[in-house]
Amino acid sequence: MTAALLFLAPSRIAAEYDWLFWILVTICGLVALAIATFIVFSAIRYHRRSENELPPQIRGNIKLELTWTVVPLIIFMGMFAWGATLYFDIERPPGDATEIYVVAKQWMWKLQAPDGRREIDELHVPVGRPVKLIMTSQDVIHSFFVPAFRIKQDVLPNRYTTIWFQPDKPGKYHLFCAEYCGMKHSGMIGYIYAMEPREYSLWLAQGGAEGSLASTGEKLFHQFGCANCHHFDGHGPCPDLKGLYRRQVLITTGATVVADESYIRESIVDPGAKIVAGFTNYMPVFKDRLTEDQLVALIAYIKAIGPEPGTQQPSSAGDVPQGYGAQPGITGPGTPGVSGDQPKAH
Amino acid sequence: MTPVLETAVAPNYLNETHGIRSWLLTLDHKRIGILYVASITVFFFLGGLFALLMRLELLAPRAWLLSPEEYNKLFTMHGIIMVWFFLIPSIPNTLGNFFIPMMIGANDVAFPKLNLLSWYVFNLGGAITVFALVRGGVDTGWTFYTPFSTTYSTTYVTAAALGIFIAGFSSIMTGLNFIATIHRMRAPGMTWFRLPMFIWSHYATSLILVLATPVLAITLLMMAVERIFQVGIFDPALGGDPVLFQHMFWFYSHPAVYIMVLPGMAVISEIVPTFSRKPLFGYTFVALASMCIAVIGFLVWGHHMFVAGLSVYSAMGFSFLSYLVAVPSAIKVFNWSATMYKGSISWDTPMLYAIGFIGLFTIGGMTGLFLAALGVDVHVTDTYFVIAHFHYIMVGGTVMAFLGGIHYFWPKITGRLYPEGLARLSALIVFIGFNLTFFPQFVLGYLGMPRRYAVYPIEFHMLNVLSTAGASILGVGYVFPLFYLVWSWKYGKKSGPNPWRATGLEWTSDSPPPKENFEVTPVVTGPPYDFERMREELGLG
Amino acid sequence: MAEPTVSKRTYFFTFLSLLGLTLLTTLLGFLDIGSLNTAIALGLATVKACLIAAFFMHALHESRTVRVVMFAGVIWLLIMISLTVVDFMSRSW
Amino acid sequence: MAEPATLILREQFRTPVQQRETATLGMWIFLATEVMLFGGLFLAFTVYRMYNPAAFIQGSADMNIMLGAINTAVLIGSSFTMALAVHSAETGDRKLLTAFLTSTMVLGAVFLAIKFTEYYLHYLDRRVPGPGFSFPGPEASRAEMFFVLYFIMTGLHALHMFIGEGILFSMILRNRAGSFTAEYHTPVELAGLYWHFVDVIWVFLFAIFYIEGLHLHGK
Numbered sequence: 003m004t005a006a007l008l009f010l011a012p013s014r015i016a017a018e019y020d021w022l023f024w025i026l027v028t029i030c031g032l033v034a035l036a037i038a039t040f041i042v043f044s045a046i047r048y049h050r051r052s053e054n055e056l057p058p059q060i061r062g063n064i065k066l067e068l069t070w071t072v073v074p075l076i077i078f079m080g081m082f083a084w085g086a087t088l089y090f091d092i093e094r095p096p097g098d099a100t101e102i103y104v105v106a107k108q109w110m111w112k113l114q115a116p117d118g119r120r121e122i123d124e125l126h127v128p129v130g131r132p133v134k135l136i137m138t139s140q141d142v143i144h145s146f147f148v149p150a151f152r153i154k155q156d157v158l159p160n161r162y163t164t165i166w167f168q169p170d171k172p173g174k175y176h177l178f179c180a181e182y183c184g185m186k187h188s189g190m191i192g193y194i195y196a197m198e199p200r201e202y203s204l205w206l207a208q209g210g211a212e213g214s215l216a217s218t219g220e221k222l223f224h225q226f227g228c229a230n231c232h233h234f235d236g237h238g239p240c241p242d243l244k245g246l247y248r249r250q251v252l253i254t255t256g257a258t259v260v261a262d263e264s265y266i267r268e269s270i271v272d273p274g275a276k277i278v279a280g281f282t283n284y285m286p287v288f289k290d291r292l293t294e295d296q297l298v299a300l301i302a303y304i305k306a307i308g309p310e311p312g313t314q315q316p317s318s319a320g321d322v323p324q325g326y327g328a329q330p331g332i333t334g335p336g337t338p339g340v341s342g343d344q345p346k347a348h
Numbered sequence: 026m027t028p029v030l031e032t033a034v035a036p037n038y039l040n041e042t043h044g045i046r047s048w049l050l051t052l053d054h055k056r057i058g059i060l061y062v063a064s065i066t067v068f069f070f071l072g073g074l075f076a077l078l079m080r081l082e083l084l085a086p087r088a089w090l091l092s093p094e095e096y097n098k099l100f101t102m103h104g105i106i107m108v109w110f111f112l113i114p115s116i117p118n119t120l121g122n123f124f125i126p127m128m129i130g131a132n133d134v135a136f137p138k139l140n141l142l143s144w145y146v147f148n149l150g151g152a153i154t155v156f157a158l159v160r161g162g163v164d165t166g167w168t169f170y171t172p173f174s175t176t177y178s179t180t181y182v183t184a185a186a187l188g189i190f191i192a193g194f195s196s197i198m199t200g201l202n203f204i205a206t207i208h209r210m211r212a213p214g215m216t217w218f219r220l221p222m223f224i225w226s227h228y229a230t231s232l233i234l235v236l237a238t239p240v241l242a243i244t245l246l247m248m249a250v251e252r253i254f255q256v257g258i259f260d261p262a263l264g265g266d267p268v269l270f271q272h273m274f275w276f277y278s279h280p281a282v283y284i285m286v287l288p289g290m291a292v293i294s295e296i297v298p299t300f301s302r303k304p305l306f307g308y309t310f311v312a313l314a315s316m317c318i319a320v321i322g323f324l325v326w327g328h329h330m331f332v333a334g335l336s337v338y339s340a341m342g343f344s345f346l347s348y349l350v351a352v353p354s355a356i357k358v359f360n361w362s363a364t365m366y367k368g369s370i371s372w373d374t375p376m377l378y379a380i381g382f383i384g385l386f387t388i389g390g391m392t393g394l395f396l397a398a399l400g401v402d403v404h405v406t407d408t409y410f411v412i413a414h415f416h417y418i419m420v421g422g423t424v425m426a427f428l429g430g431i432h433y434f435w436p437k438i439t440g441r442l443y444p445e446g447l448a449r450l451s452a453l454i455v456f457i458g459f460n461l462t463f464f465p466q467f468v469l470g471y472l473g474m475p476r477r478y479a480v481y482p483i484e485f486h487m488l489n490v491l492s493t494a495g496a497s498i499l500g501v502g503y504v505f506p507l508f509y510l511v512w513s514w515k516y517g518k519k520s521g522p523n524p525w526r527a528t529g530l531e532w533t534s535d536s537p538p539p540k541e542n543f544e545v546t547p548v549v550t551g552p553p554y555d556f557e558r559m560r561e562e563l564g565l566g
Numbered sequence: 006m007a008e009p010t011v012s013k014r015t016y017f018f019t020f021l022s023l024l025g026l027t028l029l030t031t032l033l034g035f036l037d038i039g040s041l042n043t044a045i046a047l048g049l050a051t052v053k054a055c056l057i058a059a060f061f062m063h064a065l066h067e068s069r070t071v072r073v074v075m076f077a078g079v080i081w082l083l084i085m086i087s088l089t090v091v092d093f094m095s096r097s098w
Numbered sequence: 414m415a416e417p418a419t420l421i422l423r424e425q426f427r428t429p430v431q432q433r434e435t436a437t438l439g440m441w442i443f444l445a446t447e448v449m450l451f452g453g454l455f456l457a458f459t460v461y462r463m464y465n466p467a468a469f470i471q472g473s474a475d476m477n478i479m480l481g482a483i484n485t486a487v488l489i490g491s492s493f494t495m496a497l498a499v500h501s502a503e504t505g506d507r508k509l510l511t512a513f514l515t516s517t518m519v520l521g522a523v524f525l526a527i528k529f530t531e532y533y534l535h536y537l538d539r540r541v542p543g544p545g546f547s548f549p550g551p552e553a554s555r556a557e558m559f560f561v562l563y564f565i566m567t568g569l570h571a572l573h574m575f576i577g578e579g580i581l582f583s584m585i586l587r588n589r590a591g592s593f594t595a596e597y598h599t600p601v602e603l604a605g606l607y608w609h610f611v612d613v614i615w616v617f618l619f620a621i622f623y624i625e626g627l628h629l630h631g632k
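Residue numbers (the working numbering), protein chains in the order written: chain A, 3 to 348; chain B, 26 to 566; chain C, 6 to 98; chain D, 414 to 632.
Okay, here's the thing in structure tokens:
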């Protein structure tokens with residue numbers, strides 16, 4: 003494990019990361035070594051030989067000062083640019099990534115695939131495909147950290163943050179919580195299993211069925227009466243949700259917001275926060291009536307409502323074409339699906 | 026009148042008045058400095074004890090000595106006590122208090138009563154924090170991140186925050202006092218560019234103290250209000266934003282890093298010239314570098330939040346500014362090194378600590394470059410890499426500088442010399458123990474061991490054992506000076522006013538100095554670090 | 006020190022201006038002019054603060070050092086607010 | 414008249430001018446720290462105001478502008494009398510000094526009385542954040558943040574007013590004991606600086622809490 007981590011980067015990002023990291027180690031190591039050598043050399047070479055010594059009184063040298071101001075600055079700017087480029091790569095998921103919804107709570111990770119598969123503290127993914135994690139927390143701040151892929155992202159309550167990775171080598175990789183979250187913080191550990199596609203389909207076949215995330219969401223959409231107002235013909239009293247995801251929405255204050263996961267979530271739990279221009283808010287507040295898991299399902303459903311009702315929304319679920327909505331949902335071996343969750347006492 | 030008789034009866038700040046009252050009610054900046062030494066020594070060993078217990082627990086991957094709850098409380102209390110009750114006051118309130126007035130030729134700070142009040146307020150804050158500890162401890166981490174601290178933790182968060190809040194006022198008083206002192210109390214002829222570097226660095230430190238500490242105070246106050254009344258400020262369940270808390274917290278706590286390290290740089294900038302017998306190389310650049318650190322240091326707090334949900338563009342800005350603040354630190358390192366070049370270098374203990382400081386601070390600073398690079402930070406932040414990084418700055422930097430400074434100024438403070446051989450030995454032990462403790466942690470962090478883990482996967486075991494072994498050596502290295510310094514206060518060799526042949530005004534006064542510091546107000550006519558004046562004294566005239 | 010720093014007359018006019026500005030702030034507040042409301046309220050508050058500082062607090066007669074301290078306080082406040090707000094504004098970009 | 418006995422030159426200073434300038438500088442540095450202390454709250458206000466503009470404007474419309482405006486006038490008046498107090502100190506007129514300090518204290522007390530009346534009215538309207546909080550309209554849940562910040566910020570300001578009253582009282586006592594002369598009255602000046610600063614903070618609190626929602630009145 004240790005050796006694998008150091009020398010065998012299991013993803014493209016990790017390989018690029020290691021390049022930058024070890025170049026930084028080399029540059030900084032050489033400079034540190036040079037400084038240390040210079041100091042030790044001076045300390046020995048110019049060691050005081052008699053109490054009466056008075057060395058030449060040199061007070062400075064402008065050229066030297068400018069050199070060691072400007073040269074580090076240039077090197078630093080290079081580091082900054084390279085680091086920022088890598089960061090953009092880490093932060094911006096490719097459009098065709100499989101979306102996994104992550105709900106963190108003290109002290110476990112709940113991960114759900116679009117086809118409804120639920121896992122706890124474990125995630126099985128096929129190699130060679132990008133995976134995007136859409137994460138939220140039910141309680142305090144957590145942080146999703148997979149050292150092998152060199153990714154980390156804090157998971158916040160009341161908001162969605164995202165991170166992505168694409169395993170290129172099969173293996174079992176540690177998943178840690180990296181933001182201190184209370185008593186069993188160090189127990190909030192899991193594994194990412196990256197599998198060859200063939201093994202992955204075998205593994206998929208073992209699990210039991212459960213509806214897809216979007217179909218669960220659809221049930222909730224009717225169960226909570228959302229469909230009574232949100233019509234898909236554009237004539238209802240409330241905004242039409244067709245093709246809403248990723249669209250620019252004009253709100254009453256005159257500003258526009260992008261209808262991403264966080265906006266949809268906010269509009270469900272606290273409908274009055276950003277009202278679509280031209281509408282009056284009649285919607286009840288769902289703040290304490292939906293669990294994070296139910297919210298995730300609803301959002302998956304709303305995202306799945308394409309421009310025409312009933313069609314699948316292509317961009318968000320792009321990488322599971324054959325299975326989306328139709329294929330029976332599957333639970334990973336040995337991980338019972340969780341439905342709902344325990345109420346959290348404050 | 027024989028010299029012996031003169032030194033035996035010369036009235037000084039220590040023997041002029043006697044008794045507990047004369048100490049507890051003193052307005053003399055030198056005595057207040059010593060009161061602070063006593064306080065922070067207690068807190069240092071308390072915080073160190075917590076660290077030792079943590080290292081012991083981490084000797085095995087599973088919980089064998091402490092439960093996870095106990096471990097969580099230990100790292101929290103270690104952080105709180107070391108940051109606010111040792112590092113921040115460590116050098117400014119002890120050596121700074123003692124020597125700022127002496128170095129600028131004043132006979133006290135601008136506001137002596139405020140100075141004494143600051144010590145009492147500091148101890149009150151410390152007492153409340155220790156009370157929180159005795160009653161059951163705190164488990165939020167020293168960063169008090171919401172909503173864990175406001176809603177979920179069931180420990181003594183409010184009491185600990187109150188202790189820190191109160192200690193913050195002590196910081197503000199000290200910073201205010203130093204700024205007023207440095208502006209208004211300088212001796213005739215002591216212009217800004219004749220000030221020793223010690224003063225410049227402390228001036229920069231004080232700026233940060235007064236401008237950053239109030240923000241910590243209000244942040245903790247808001248957190249406490251939220252916790253006590255359960256109204257929403259930062260908790261998202263109540264309509265708040267926890268990232269706002271992090272912004273406010275790091276607006277203070279990042280500059281606070283410079284509060285801790287700038288005074289260390291102050292001490293090193295005195296020791297290196299004295300023991301190289303050469304003026305500080307590039308004086309103006311080092312002075313301006315201190316000011317740049319103080320100002321730019323306020324613009325970089327976001328680099329603690331690169332994975333915390335900060336916007337990508339904001340992160341880019343903070344990363345860029347973080348690289349800018351690295352430049353002045355680099356300038357300082359280069360100038361200290363250049364000062365040694367072609368000097369007449371003695372290997373006395375303070376110089377050994379200074380050399381150690383430069384080396385360790387360089388490593389600490391350079392690993393900071395890793396953390397400032399956005400993409401690199403993602404993997405190593407919140408891991409042991411960060412722990413190692415800031416311990417190289419705080420322990421390898423500030424604590425080394427503090428020990429170096431205590432040894433350097435010991436003859437002036439007490440009039441006695443410490444035992445040189447023993448001191449060199451313990452400097453060596455500290456250096457070895459330190460590196461053995463913290464270098465493996467860089468590797469641990471790169472391998473992905475998250476911080477604040479009470480138990481950890483087995484693959485991290487070997488490096489943790491190494492680190493714990495180092496910690497036990499480090500502990501010994503810290504206990505040594507405590508004993509021999511106390512011993513030498515009474516039994517050490519008499520030092521005379523200027524045992525190191527240093528140049529500052531403080532060395533022109535007796536050791537220990539008289540209560541009013543100088544018999545007559547000194548008049549300054551030349552630049553600092555003027556070793557030429559010594560030519561005659563050295564018999565080279 | 007026989008000569009007072011600021012004359013009674015100046016104090017009185019400052020006082021009147023402050024009262025006038027308060028009245029103006031309040032009256033303008035009743036107009037519905039969108040986000041200009043906030044801008045005007047804060048702008049007039051800044052003018053009032055400057056008047057108080059300049060005349061009541063003798064800022065105009067203070068040394069350069071003191072003026073630097075004043076500006077430092079304000080500038081640092083602006084740094085804190087602006088850099089934080091930039092994060093919140095650019096999150097949805 | 415000058416009485417040399419009352420001009421105390423503390424031992425760390427070389428000249429009275431140095432002593433006075435140092436004290437003034439110290440006070441201004443303290444005020445800069447106060448700017449940052451309130452600054453944290455202004456930052457929180459800015460961020461949440463940005464998040465929930467409608468709720469904050471409606472919250473502001475809920476304020477009693479009459480009491481707020483009167484209170485602002487009262488506080489400006491107290492600053493005026495405070496400035497006159499410093500003036501009397503500079504001219505060495507002890508009687509006037511006591512008179513002006515007293516009127517400043519009275520105006521300060523009037524301000525606090527009005528402020529606490531407002532708090533009481535908020536309490537009757539159930540605007541105190543917590544379980545009993547209520548606010549008409551759909552913005553209720555977000556308006557609570559407005560009131561949380563309102564109570565913390567005006568509360569911290571009121572605390573500063575109480576401290577200011579204490580300082581003024583001690584100034585009156587010291588003046589009656591004859592401590593101040595035309596040559597030495599630094600404490601009065603410093604108390605004045607503090608008092609004016611608290612006034613400046615209020616000017617901004619007035620703008621952000623009372624003015625923003627005024628245009629909703631009568632709608």
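We treat Cβ as the ideally placed atom computed from N, Cα and C, and that holds for glycine.
Among the options, which residue has its Cα nearest to the Cα of residue i?
{"i": "T219 of chain B", "options": "B:R560, B:L565, B:E561 and B:P553", "result": "Residue identity differs from the one stated: residue 219 of chain B is Arg in this sequence, not Thr. Comparing Cα-Cα distances from R219 of chain B to each of B:R560, B:L565, B:E561 and B:P553, the minimum goes to B:P553."}
{"i": "A19 of chain A", "options": "A:W84, A:T138 and A:D156", "result": "Just to set this straight, residue 19 of chain A is Tyr in the shown sequence, not Ala. Measuring from the Cα of Y19 of chain A, the nearest candidate turns out to be A:W84."}
{"i": "E94 of chain B", "options": "A:T69, A:C183 and A:I253", "result": "A:C183"}
Tell me residue i's beta-bridge partners as DSSP assigns them.
{"i": "A261 of chain A", "result": "According to DSSP, which records beta bridges pairwise, A261 of chain A is partnered with nothing at all."}
{"i": "C179 of chain A", "result": "A:F146"}
{"i": "M330 of chain B", "result": "Bridge partners of M330 of chain B: none, in fact."}
Please look up how many angstroms separate the CB atoms of residue i and residue j, rounded, as I've assumed it's under 8 angstroms.
{"i": "F567 of chain B", "j": "K303 of chain B", "result": "One cannot answer for residue 567 of chain B here, as it falls past the ends of chain B, which runs 26 to 566."}
{"i": "A184 of chain B", "j": "F147 of chain B", "result": "Their Cβ separation, rounded to whole angstroms, is 17 angstroms, which puts A184 of chain B and F147 of chain B out of contact at 8 angstroms."}
{"i": "I270 of chain A", "j": "L297 of chain A", "result": "6 angstroms"}
{"i": "S203 of chain A", "j": "P116 of chain A", "result": "Wrong, their Cβ atoms sit about 16 angstroms apart, outside the cutoff."}
Where the region 252-270 of chain A meets chain D: residues whose CB sits under 7 angstroms from a CB there: From the region 252-270 of chain A, only T255 have a Cβ closer than 7 angstroms to chain D.
Contained alpha helix (DSSP H) runs [length at least 4] in the region 192-275 of chain B, N- to C-terminal order: Entirely contained in the region 192-275 of chain B, the alpha helix (DSSP H) runs reaching 4 residues are, in chain order, 222-254.
Residues from the region 441-472 of chain D in contact with chain A, defined by Cβ distance under 9 angstroms: Listed by position, the residues of the region 441-472 of chain D near chain A (Cβ gap below 9 angstroms) are Y464, N465, P466, A467 and A468.
Any alpha helix (DSSP H) of 4 or more consecutive residues that is wholly inside the region 436-511 of chain B: List check, alpha helix (DSSP H) in window: 445-472.
Residues in the region 584-610 of chain D having any Cβ partner in chain B nearer than 7 angstroms: Listed in sequence order: no entries.
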